[in-house]
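Asker: Before we start, here is the structure in question, set down as structure tokens.
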Amino acid sequence: MVALIWLVACWNPCLFLTPGWIWGSPYGQKMLVPHQGPLDVTLSLPTVVCLARILAALPDRNVSPVAGTIFVHELRREHFRGAFPSGHKNYSGEYILPNTPITFHAQLLGYPDLPRWLRYIQRSPYQPGYLYGSPTAKDVGRQLIEVLGRRCPPTARGVHWLGGNAQMPYQAEFFVKNRDVEEVLPADAQKQFQQALDIMLEQKDWSIINITSALDRGGRVPLPIEGRKEGVYIKVGSRRPFSDCLMEAKSSDNQYRCSLEQQPVITCYDSFSPQFRIDWCNITLADLSNLSSTEVAPVWGDGVLEDSSEYNPPTDAPEKEFLSDYLLTILLPLLVALLLCLLLAYIMYCRREGLHKRDMKTSE
């Protein structure tokens, strides 16, 4: 499977990025992030800054996403802003300020959106951007990622290998009401959530599988009031069965309390509060251990039919005469209007009493 990703980082007013190494080390050295897993993926996104016809290579860094786990790639503004000297002029003669806003745009090359498993978010030009998602077993394969920039030619490409991983059969999804998606994407926020989960469930084999914004699930945009958040869904997985604490949240008594818009009763200590406000009525538990392991993954073909088959397109619909419908639509209202006019004329001219007849009936 081959896919091309197009990332454009824009400096206002008129500065753009071309291919180079994105998310690099500040020391100009290539770094490989260690990863533990059966098969992993190395992602290298090249980026070179085009500024006043001078190419300055940015440092590079390799990351290793694995299918079945959350993948977060942060586009830090500092790594790109450092390539622009303070007070330097661009090709149009305008000065570039150090605090110039930077906007990143990510999409599949030749397509209007990213791959199905990958999402991108940047809240404002003054905040970093995040590429995040959870690749599945269907996404395992080879992906060619290319970074392009406007008004500058491409220079390099990165090969993205998506590797498989053992799926965690016991999965739970929590809805955090007081966070936005970009607030839980950093590694520190994920570690804080996972530590609270380990303390509450008293088991340390849970890991974050996926993070999804509530807006992607049909949630409403919150009002511009301080403290209002969009909400985020965090899915975690484990190879051990669910604890009694999670099973209590899905009990029939708690489901009845949730239907009455009341808080469910949970005996274990809520270690998420106050950092994470969990909606205990909106928890999803999935047990994938009972699924049949003999299911065969679908084989994607080339879209060409076999020799023994033949495509028979549907026949054209027979022509229909619409003259009768047209006459019925036009003539029937006209006929009714004509009858009404004749009736009105008869009443006004043939049934009215004249002045002479009225005077004859009037006594002097």
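Those letters in the sequence shown? Residues -16 to -1, 1 to 348, per mature numbering (1 follows the signal peptide of the UniProt record, and there is no 0), in order.
Glycine included, every Cβ here is placed at the ideal spot set by N, Cα and C.
Fair warning: this is a prediction, and the values are worked out from it, not measured in the lab.
(1) Could you spell out where the beta strand (DSSP E) holding valine 216 opens and where it closes?
(2) Classify serine 273: buried if its beta carbon has 16 or more other beta carbons within 10 angstroms, exposed otherwise.
(3) Measuring only the C-alpha atoms, how far is threonine 120 from glycine 203?
(4) Are valine 56 and tyrosine 114 close, meaning C-beta to C-beta below 8 Å?
(5) Counting along the chain, where does the beta strand (DSSP E) carrying isoleucine 195 start and finish?
(6) Does the Cβ of alanine 40 have 16 or more other Cβ atoms within 10 Å, making it buried, or fewer, making it exposed?
(7) Would you report the Cα separation of glutamate 210 and lysine 122, rounded to the nearest angstrom?
(8) Is isoleucine 331 helix, strand or coil when you go by DSSP?
(9) Determine the DSSP secondary structure at tyrosine 240, reduced to helix, strand or coil.
(10) On the CB-based measure, 16 or more other CB atoms within 10 Å of its CB, does threonine 196 come out buried or exposed?
(11) I need the straight-line Cα distance from isoleucine 331 to leucine 322, nearest angstrom please.
(12) Are the beta-carbon atoms belonging to phenylalanine 158 and isoleucine 262 less than 8 Å from one another?
(13) So what does histidine 57 bridge to, in DSSP terms?
(14) How do the region 221 to 232 and the region 166 to 180 stand: do at least 3 beta-carbon pairs fall below 8 Å, yes or no?
(15) Between Pro85, Tyr95, Pro96, which lies nearest to proline 112 when the distance is taken from Cα to Cα?
(16) Taking the alpha helix (DSSP H) that glutamine 179 belongs to, which residues open and close that run?
(17) Which stretch, first to last residue, makes up the alpha helix (DSSP H) that contains glutamate 232?
(18) Can you check whether the CB of glycine 215 is closer than 8 Å to the CB of glutamine 151?
(19) Is it buried or exposed for glutamine 106, if we count other Cβ within 10 angstroms and need 16 for buried?
(20) Just reading off the alpha helix (DSSP H) that glutamate 157 is part of, what are its end residues?
(21) Alpha carbons only, please: which of Glu186, Tyr217, Pro208, Tyr333 is nearest the one belonging to asparagine 194?
(22) Closer than 7 Å by C-beta to arginine 103: which residues in its own chain qualify, once you throw out the five before and the five after it? Chain order, please.
(23) Hey, quick one: how far does the alpha helix (DSSP H) through valine 168 stretch, first residue to last?
(24) Output needed for arginine 224: all residues of its chain with C-beta closer than 7 Å, excluding positions within five of it in sequence on either side, in chain order.
(25) So leucine 207 is in the beta strand (DSSP E); what residue range does that whole segment cover?
(26) So, with DSSP's three-state summary, where would you put threonine 299?
(27) Could you pull out every residue in the same chain whose Cβ sits closer than 6 Å to the Cβ of tryptophan 264, ignoring the five residues on either side in sequence?
(28) My output table needs one value for leucine 102: the three-state DSSP class, helix, strand or coil.
(29) Return helix, strand or coil for serine 9, following the three-state DSSP convention.
(30) Determine the direct distance from the alpha carbon of arginine 336 to that of isoleucine 326, and round the result to whole angstroms.
(31) Could you tell me the boundaries of the beta strand (DSSP E) in which threonine 268 lies?
(32) Leaving out five residues on either side along the sequence, give the residues of the same chain with a beta carbon under 7 Å from the beta carbon of cysteine 242.
(33) For alanine 90, does the three-state DSSP call read helix, strand or coil?
(34) Taking the beta carbon of valine 205 as the centre, do at least 16 other beta carbons fall within 10 Å, making it buried, or is it exposed?
(35) For isoleucine 262, does the three-state DSSP call read helix, strand or coil?
Answerer: On the basis of the coordinates in this document:
(1) From DSSP, the beta strand (DSSP E) with valine 216 extends over 216 to 222.
(2) That one is exposed.
(3) Approximately 24 Å between the Cα atoms of the pair.
(4) Yes, they are a contact pair.
(5) First-last of the beta strand (DSSP E) with isoleucine 195: 191 to 197.
(6) Because the pLDDT of alanine 40 is 40, which lies under 50, any placement of that residue in the model is unreliable, and the number read from its coordinates should be weighed accordingly. So alanine 40 counts as exposed.
(7) If you take the alpha carbons of glutamate 210 and lysine 122, they lie about 41 Å apart.
(8) DSSP places isoleucine 331 in helix when its eight states are reduced to three.
(9) Helix at tyrosine 240.
(10) By the beta-carbon neighbour count (other beta carbons within 10 angstroms, threshold 16), threonine 196 is buried.
(11) Approximately 14 Å, taken between the alpha carbons.
(12) Yes, these two residues count as a Cβ contact at 8 Å.
(13) For histidine 57, which the question treats as bridged, DSSP gives the partners Leu115.
(14) With the cut-off at 8 Å, the region 221 to 232 and the region 166 to 180 do not touch.
(15) Closest by C-alpha distance to proline 112, out of Pro85, Tyr95, Pro96, is Pro85.
(16) Residue range 171 to 185 is occupied by the alpha helix (DSSP H) that includes glutamine 179.
(17) Per DSSP, glutamate 232 is one residue of the alpha helix (DSSP H) stretching across 228 to 233.
(18) Taking 8 Å as the cut-off, the beta carbon of glutamine 151 is found no closer than this to the beta carbon of glycine 215.
(19) So glutamine 106 ends up on the buried side.
(20) In the DSSP assignment, glutamate 157 falls outside any alpha helix (DSSP H) and within the unbroken beta strand (DSSP E) covering 154 to 160.
(21) With distances taken between Cα atoms, asparagine 194 lies closest to Tyr217.
(22) Excluding positions up to five away in sequence, the list reads Tyr116, Gly117.
(23) Secondary structure note for valine 168: its alpha helix (DSSP H) is the uninterrupted segment 165 to 168.
(24) These residues qualify, in order along the chain: Tyr154, Gln187, Asp189.
(25) From DSSP, leucine 207 is part of no beta strand (DSSP E); its letter is neither H nor E.
(26) Looking at threonine 299 - three-state DSSP - the assignment turns out to be coil, as it is neither helix nor strand.
(27) Short of 6 Å from the beta carbon of tryptophan 264, and not among the five residues preceding or following it, lie these beta carbons of its own chain, in chain order: Ala233, Pro248.
(28) In the displayed model, leucine 102 falls within a strand according to three-state DSSP.
(29) Caution is warranted here: a pLDDT of 29 is assigned to serine 9, below 50, making its placement in the model unreliable, and the coordinate value is therefore given only provisionally. In the structure shown, serine 9 sits in coil (DSSP, three-state: anything other than H, G, I, E or B).
(30) The sequence given here has leucine at residue 326, not isoleucine. Rounded to whole angstroms, leucine 326 and arginine 336 show a C-alpha spacing of 15 Å.
(31) Its beta strand (DSSP E) spans residues 268 to 271.
(32) Around cysteine 242, the same chain offers Pro248, Cys265 as residues with beta carbons nearer than 7 Å, after the five sequence neighbours per side are excluded.
(33) In the structure shown, alanine 90 sits in a strand (DSSP, three-state: E or B).
(34) So valine 205 ends up on the exposed side.
(35) Note: isoleucine 262 maps to strand in three-state DSSP.
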